[in-house]
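For the protein sequence lines, the chains are Y and E, in the order given.
So the first sequence is numbered by numbering that gives the first Met the number 0: it starts at 0 and just counts up by one.
So the second sequence is numbered by numbering that gives the first Met the number 0: it starts at 0 and just counts up by one.
Glycine included, every Cβ here is placed at the ideal spot set by N, Cα and C.
Remember, predicted model here, so these are calculated numbers, not experimental data.
First the structure, in the form of structure tokens, and then the observations on it.
There are 2 protein chains.
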Amino acid sequence: MPDESKGINPKLITAFVSSTRNVLSMMVGVESEIGKPALKTESKPCYDVSGIVGFSGEVAGSVVISFHEEAALSIVEAFCGERIEVDNPDFADAIGELSNMIAGNAKKDFGLEASIGIPSVIIGPEHTLARLSDVPCIAIPCSSEVGNFSVEVNIKQVSKVTV
Amino acid sequence: MPDESKGINPKLITAFVSSTRNVLSMMVGVESEIGKPALKTESKPCYDVSGIVGFSGEVAGSVVISFHEEAALSIVEAFCGERIEVDNPDFADAIGELSNMIAGNAKKDFGLEASIGIPSVIIGPEHTLARLSDVPCIAIPCSSEVGNFSVEVNIKQVSKVTV
């Protein structure tokens, strides 16, 4: 792995992997396959619908949960109990709420003081969330019966803590 | 104005208007015309390049500074002293840094305890930053000699403070 990855606490990545799997399984009944996390060195496009949640405290940065449109539609339908189209404000609310749950659930496993912000939701085919050069980014590819999605962890630890 | 706007402290909006004008004038020599702030009630597309900065503390939410691609290219060129293309990581760093300056500068005028997160930068033609239903959004249209941009303030005050 490039040197940059040395700054990433593996516990943060593990927390997001298990949180993603648990929230989707419990809240929408979707079982997901989690691929191998990899350091992202280029700004590659995300999928079509992304929820971003910022972290502050002993960790700084954000997590992005990005879905293929079809996967997002299926997940929101399971979450809300009815089909909701992308341009309906309830759609963004549902993606924001699920992103918030994934971030909040992961935070509990950090073993660090951290608080999470209000989610932002981005809709647009293959928008790019550009990587900032001073924040390492780990991309976790995920697949499920309703389609593919990814979890991107753009986080740096801002204080040294023994874990 | 709809009832929803009652929750927005006008001081926050004024802080972003003057911060945007000052940062662009001082840092990149771009003088901007600030249009009339308006409550955004629908999820309309942003421009092509957006910087998002999250707030936490006595205010929660985010500010989005969104540029037409040509305006972003000109502003980044003035900021960095050379032409930088959109797919170069330095381009996102520059947009992130300017967004961070605008947010940080505005924060000083809030009269509230607030901290700002690490910026996220989104690149994609007419991506939509979906409005969450529980956070009011004020859009401030801006124009300049290098092109149009907008500042969207998606913020709610989370504690009552006399200002």
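Every unbroken stretch of the alpha helix (DSSP H) spanning 4 or more residues and falling wholly within the segment 19 to 107 of chain Y is given here in chain order: 68 to 79, 88 to 106.
Residue pairing by DSSP puts Pro140/E in a beta bridge opposite Ser149/E. With contacts defined as CB atoms closer than 8 angstroms, Ala59/E and Gly116/Y qualify as a contacting pair. About 11 angstroms separates the beta carbons of Leu23/E and Ser17/E, which is beyond the 8 angstroms limit, so they are not a contact pair.
Within the DSSP bridge table, the entry for Val120/E names Ala129/Y, Gly50/E as partners. By alpha-carbon distance to Ile101/Y, the top candidate from Gly110/Y, Asp86/Y, Gly50/Y is Gly50/Y. Within chain E, not a single residue places a beta-carbon under 8 angstroms from that of Gly103/Y; the smallest gap is close to 14 angstroms. Relative to the Cα of His126/E, the nearest Cα in the group Thr19/E, Glu68/E, Pro9/E belongs to Glu68/E. Proximity to Ala71/Y across Ile33/Y, Val29/Y, Ala37/Y peaks at Val29/Y, based on C-alpha coordinates.
Beta-bridge annotation (DSSP): Ile154/E is paired with Gly60/E.
Linking Asp86/E to Arg20/Y through their CA atoms gives a straight-line distance of about 32 angstroms. Around the C-beta of Ser132/E, fewer than 16 other C-beta atoms lie within 10 Å, and the residue is accordingly described as exposed. Ser65/E is positioned such that its CB atom lies closer than 8 angstroms to that of Ser149/E.
Against chain Y, a Cβ distance below 8 angstroms from Thr127/E picks out Ile121, Ile122, Gly123. Around the beta-carbon of Glu41/Y, fewer than 16 other beta-carbon atoms lie within 10 Å, marking it exposed. In the DSSP assignment, Ala113/Y forms a beta bridge with Gly56/Y. Near chain Y, meaning a CB-to-CB distance below 8 angstroms, the residues of the segment 78 to 95 of chain E are Asp86, Pro88, Asp89, Phe90, Ala91, Asp92, Ile94, Gly95. For Val134/Y, the secondary structure class from DSSP, reduced to helix, strand or coil, is coil.
For Ala59/E, the neighbours in chain Y by C-beta distance under 9 angstroms run, in chain order, Gly116, Ile117. Going by beta carbons, Asn99/Y and Val52/Y fall inside the 8 angstroms limit. Sorting Ala14/Y, Ser114/Y, Ile74/Y by C-alpha distance to the C-alpha of Val145/Y places Ile74/Y at the top. Between Lys39/E and Ala138/E, the C-beta gap is smaller than 8 angstroms, which places the two residues in contact. Using a CB distance cut-off of 8 angstroms, Ser42/E counts as an interface residue toward chain Y.
Legend: CB atoms of the segment 131 to 142 of chain E lying less than 7 angstroms from CB atoms of chain Y belong to residues Leu131, Ser132, Val134. Between the C-alpha atoms of Asn153/E and Ala113/Y there is a straight-line separation of about 22 angstroms. Annotated three-state conformation of Ile7/E is coil, per DSSP.
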